[in-house]
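Following: one structure in structure tokens, then a few remarks.
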Amino acid sequence: MRRGLISWSREEVSEQQLDARVARLQARMRAEAMDAVLAYTAFDRPAAVSWLTHFVPYWNEALLAVFPSGAPVMLASFSKRMHPWIREVCRVGEILGAPGLGRTAAGMLEERVPGAARIGVINRDLLPWSVAEPIVGAVGSDALVDATGMFASIRQPSDAAEIRLAEHAARIAAHAFESIPRDAAKTSEVLATMERAARLDGAEEVLLRIAPDLARSAVLQRIEGDSALGTCYAVECSLAYKATWIRLTRSRGAAAPSWTPASQWLREAVATIDEAGVAAGPAHRTSAPGQVAAWAIEACVDSHPLSVISAGGTADAAKAAAAGGKLPAGSLATLSLRLELADGPWLASLPLLVGAAGNAAHPLNLTG
Amino acid sequence: MTQSSAVSGAIRNERQQRLAAAMQAEGIDVLVVAGNAWRSDYLRFAADITPIEGNALAFVERDGTARVLIDSAVEAARLAAEYPHLSVSASARLFDDAEALILRLGKRNAALAPNAAMPYRLALGPLGPTLNSGTALLDRVMLKKSPAEIDAVRRAAALADDGYAIFRAASRVGRREYELVADVEAYFRSRGCPENFQILGSGGVEVRGMHPPGERRLAQGDLVTTELTPCVEGYYAQICRTLVVGEPSERQRRAYAVFREALEAGVAAVRPGATAGDVARAENEVFRRHGLGDYVTSEYTRVRGHGVGLYVDGAHILEDVTLTLEPGMTLIVHPNTYHPDVGYIVLGDTVVVTDSGCDVLCRTSRELFHEPV
Chain A
1 MRRGLISWSR
11 EEVSEQQLDA
21 RVARLQARMR
31 AEAMDAVLAY
41 TAFDRPAAVS
51 WLTHFVPYWN
61 EALLAVFPSG
71 APVMLASFSK
81 RMHPWIREVC
91 RVGEILGAPG
101 LGRTAAGMLE
111 ERVPGAARIG
121 VINRDLLPWS
131 VAEPIVGAVG
141 SDALVDATGM
151 FASIRQPSDA
161 AEIRLAEHAA
171 RIAAHAFESI
181 PRDAAKTSEV
191 LATMERAARL
201 DGAEEVLLRI
211 APDLARSAVL
221 QRIEGDSALG
231 TCYAVECSLA
241 YKATWIRLTR
251 SRGAAAPSWT
261 PASQWLREAV
271 ATIDEAGVAA
281 GPAHRTSAPG
291 QVAAWAIEAC
301 VDSHPLSVIS
311 AGGTADAAKA
321 AAAGGKLPAG
331 SLATLSLRLE
341 LADGPWLASL
351 PLLVGAAGNA
361 AHPLNLTG
Chain B
1001 MTQSSAVSGA
1011 IRNERQQRLA
1021 AAMQAEGIDV
1031 LVVAGNAWRS
1041 DYLRFAADIT
1051 PIEGNALAFV
1061 ERDGTARVLI
1071 DSAVEAARLA
1081 AEYPHLSVSA
1091 SARLFDDAEA
1101 LILRLGKRNA
1111 ALAPNAAMPY
1121 RLALGPLGPT
1131 LNSGTALLDR
1141 VMLKKSPAEI
1151 DAVRRAAALA
1161 DDGYAIFRAA
1171 SRVGRREYEL
1181 VADVEAYFRS
1191 RGCPENFQIL
1201 GSGGVEVRGM
1211 HPPGERRLAQ
1221 GDLVTTELTP
1231 CVEGYYAQIC
1241 RTLVVGEPSE
1251 RQRRAYAVFR
1261 EALEAGVAAV
1271 RPGATAGDVA
1281 RAENEVFRRH
1291 GLGDYVTSEY
1301 TRVRGHGVGL
1311 YVDGAHILED
1321 VTLTLEPGMT
1331 LIVHPNTYHP
1341 DVGYIVLGDT
1351 VVVTDSGCDV
1361 LCRTSRELFH
1371 EPV
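So the sequence lines, in the order shown, correspond to chains A and B. At position 307 of the first sequence the residue is numbered 307 (my numbering), and the sequence of numbers has no breaks. At position 222 of the second sequence the residue is numbered 1222 (my numbering), and the sequence of numbers has no breaks.
So this is what it looks like as structure tokens:
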């Protein structure tokens, strides 16, 4: 569950900025003759609703209904006492109390768009059946169209406000890495220090995975309990600040000789991510100081904080996730990769802004 | 303890036996369990796993064989490493692969669960009409905890106690709400606990509930409320407490005494055969006796407690809930609500129903704590 800072600063994301995002969606809805678009939000998939409204459910679930015009309507499973808090942290029109989310949504759709032929649902195929069943009963499954692709087409590139928030998130993550004690011997020391630093810096959420001993395994794990750190280890920090997610991965410990050229190559590889090359991934892989075992480019294009847009490499897991997708220039994305170097595996990721065709991508500034 | 994702053999075996017996009784050959980072409780029970991201489906056969499909390659690699007894595959076409697997398993009776996480596509897909619902079956077997599960809840309650001591120490004038949470989260991490649910509130008579932490700074005289819910081996326990920054006023002490009386009445009502409604009534009668009956309604409070275990919010403790309590059930009793004189107050303990009553698992004193300015 989300338990870090949740707040909305109008200086960071203005009401006009949020209205412009909703207008971007509504224009596409009108072009595609959609009577409404529904976006479900919960802990694991808050991103579409938070991008449109700045709302993040710390727990529980909600459904946002966007019509071709007017302010979005929020159907919230939260108790009525939480409605003032919802108003404080996001921009929506009406808030409807909805202990039965699907039932309330069904009633609202019947009332506001009677006989609707096309109701888009972002990530429709993943909509929980407890929510979907009453809606299907009311409007029929034929009327519920998957709006994931339509939403993705307007979701990126990122606007200036989102880029600023992502840069702030990346700096929080970088600071969390800097806080790790040099003499850390256990995973609990690393993870506790990073968690504290990130949350004190205002992180909304911090999800940490760690490969405790790269000499034994490069698989990033969710540690429950404790584990001894090897000479070299890697941590992946997925972090949200004001509903904007970034991912930063670093290998740590006694630096192997090949890490310096690997870092240098990563920065060069990031620069090659332009809109024409997203599907193919980082260029010049043959010049890497080792084998590119796995790479992935992720971005926020639907309800999930980060989705794999393209992936590859020699590792089985990377092949299984190959997506081959596209992103326009100016999209916020993350390049993650695993190199098999002469002295062992090396994990890293960097958030970036996708370049225009033929132009270099920009890694986000981590030091600001 | 040196491990990545701790699930003891005892818990795994007990869960498997109960699930197998229930599947046999209902003639279900394979149970398809959906989950994600938000609803991982059913997945944990049926297949041990807790996704951090992505959407997972577990296919559990009656003999305990479990296969997992997940649409995140990174998570697939993690789960395969952490749970070597499972067959885990990354799937870029989750539903197509799931349907193919169901057909390949060739079982006569397959059931989907839970409704709260079952994806639209699977429920309405080509196999949908042939699949049963397994939600009620899982709800039933998950409600009563085995001895090993109760032990995990007990350890989570002890961690909650320790976490509250950290929260008290963090509650100083001038600190922001989210800074208190940072201290607690770091502490839980230092104890190897990766998961916690926590909300809080701070201020005076204007505060009507708890929320995720904001930027407000604590001030002298504030009531500071929190509920901490750490997770150990996949099982949550919760503690609710209230403290005052500085010396409590007489009005705060008087108001708080009602909550302490209500918690004691609620806990005393927890016994086999009593209903969840009986527990809520015992708590609420105390408020009514003190002329505070208006403040036990949904206008001011959500529930008077709830189940805890694999999920932070189980069966609700409300006067109209007829669920009969049985030994092995775990719940928190918390008469949290608004008091018109001082603001929102919380107080609650996790308990386990025993043969003759209940064991209170939280050890933290129920006093109104006050922290020096």
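All residues carry an ideal CB built from backbone N, CA and C; glycine is no exception. In this text, all values refer to a predicted model and were calculated from it rather than measured experimentally.
Assigned secondary structure, residue i (DSSP; H/G/I helix, E/B strand, else coil)
i: residue 1106 of chain B; result: coil
i: residue 374 of chain A; result: The requested residue 374 of chain A does not occur in the structure, where chain A is confined to residues 1 to 368.
i: residue 1296 of chain B; result: helix
i: residue 83 of chain A; result: helix
i: residue 241 of chain A; result: strand
i: residue 365 of chain A; result: coil
i: residue 1198 of chain B; result: strand
i: residue 34 of chain A; result: coil
i: residue 286 of chain A; result: helix
i: residue 1338 of chain B; result: strand
i: residue 1128 of chain B; result: helix
i: residue 145 of chain A; result: strand
i: residue 1085 of chain B; result: coil
i: residue 1248 of chain B; result: coil
i: residue 392 of chain A; result: Summary: the structure shown does not reach residue 392 of chain A, with chain A confined to residues 1 through 368, and so no result is reported for it.
One or two residues paired with residue i in a DSSP bridge
i: residue 211 of chain A; result: A:234
i: residue 40 of chain A; result: A:63
i: residue 1048 of chain B; result: Looking at the DSSP assignment, residue 1048 of chain B forms no beta bridge with any residue, so it has no partner.
i: residue 1227 of chain B; result: B:1199, B:1240
i: residue 96 of chain A; result: A:75
i: residue 336 of chain A; result: A:296, A:349
i: residue 1033 of chain B; result: B:1058, B:1113
Assigned exposure category for residue i - 16 Cβ within 10 Å defines buried
i: residue 197 of chain A; result: buried
i: residue 1145 of chain B; result: buried
i: residue 1004 of chain B; result: For residue 1004 of chain B, the predicted structure reports a pLDDT of 44, less than 50, and the residue's modelled location is therefore unreliable. The matter cannot be settled from this model.
i: residue 192 of chain A; result: buried
i: residue 1284 of chain B; result: buried
i: residue 1149 of chain B; result: buried
i: residue 1103 of chain B; result: exposed
i: residue 16 of chain A; result: exposed
i: residue 1293 of chain B; result: exposed
i: residue 249 of chain A; result: buried
i: residue 166 of chain A; result: buried
Below-9 Å beta-carbon distance, residue i vs any chain A residue
i: residue 1167 of chain B; result: no
i: residue 998 of chain B; result: For residue 998 of chain B there is no data in the structure shown, the boundaries of chain B being 1001 and 1373.
i: residue 1190 of chain B; result: yes
i: residue 1004 of chain B; result: Annotation note: pLDDT 44 at residue 1004 of chain B (below 50); position unreliable, coordinate value reported separately. Yes, contact with chain A.
i: residue 1225 of chain B; result: no
i: residue 1196 of chain B; result: yes
i: residue 1001 of chain B; result: Bear in mind that the predicted position of residue 1001 of chain B carries a pLDDT of just 37, short of 50, making it unreliable; the figure below should be weighed with that in mind. Output row for residue 1001 of chain B: interface = yes.
i: residue 1118 of chain B; result: yes
i: residue 1208 of chain B; result: yes
Residue i at chain B interface by Cβ criterion, 9 Å
i: residue 200 of chain A; result: yes
i: residue 291 of chain A; result: no
i: residue 196 of chain A; result: yes
i: residue 129 of chain A; result: yes
i: residue 30 of chain A; result: no
i: residue 59 of chain A; result: yes
i: residue 308 of chain A; result: yes
i: residue 125 of chain A; result: yes
i: residue 38 of chain A; result: no
i: residue 148 of chain A; result: no
Item to complete: Check whether the segment 130-150 of chain A touches the segment 208-219 of chain A, taking contact to mean three or more Cβ pairs, one atom from each stretch, closer than 8 Å.
Response: no
Discussion item. With three or more C-beta pairs closer than 8 Å as the rule, is the segment 1228-1242 of chain B touching the segment 20-38 of chain A?
Written reply: no
Item to complete: Could you tell me whether the segment 349-366 of chain A touches the segment 302-310 of chain A, using the rule of 3 or more Cβ pairs below 8 Å?
Response: no
Worksheet item: At a cut of 8 Å, does the segment 278-286 of chain A reach the segment 248-262 of chain A through at least three beta carbon pairs?
Response: Too few Cβ pairs lie closer than 8 Å, so no.
Practice prompt. Give a yes or no on contact between the segment 19-27 of chain A and the segment 151-169 of chain A, applying the rule of three or more CB pairs nearer than 8 Å.
Written response: yes
Discussion item. Across the segment 178-186 of chain A and the segment 261-276 of chain A, are there enough close Cβ pairs to call them in contact, namely three or more that are closer than 8 Å?
Written reply: With a cut-off of 8 Å on Cβ pairs, the segment 178-186 of chain A is not in contact with the segment 261-276 of chain A, counting fewer than three such pairs.
Discussion item. Quick test of the definition: if touching needs 3 or more C-beta pairs under 8 Å, does the segment 295-304 of chain A touch the segment 334-342 of chain A?
Written reply: yes
Discussion item. For the segment 198-205 of chain A against the segment 1171-1184 of chain B, do three or more pairs of beta-carbon atoms, one drawn from each stretch, fall closer than 8 Å, so that the two count as touching?
Written reply: yes
Worksheet item: Can we say the segment 1153-1173 of chain B touches the segment 1023-1036 of chain B, given the rule of at least three CB pairs closer than 8 Å?
Response: no
Item to complete: Report yes or no: do the segment 1263-1270 of chain B and the segment 1343-1363 of chain B share at least 3 C-beta pairs separated by less than 8 Å?
Response: yes
Discussion item. Any contact between the segment 1028-1039 of chain B and the segment 1079-1095 of chain B? By contact I mean 3 or more CB pairs, one from each, below 8 Å.
Written reply: no
Worksheet item: Quick check: the segment 1318-1329 of chain B against the segment 1219-1233 of chain B, are there 3 or more CB pairs under 8 Å?
Response: no
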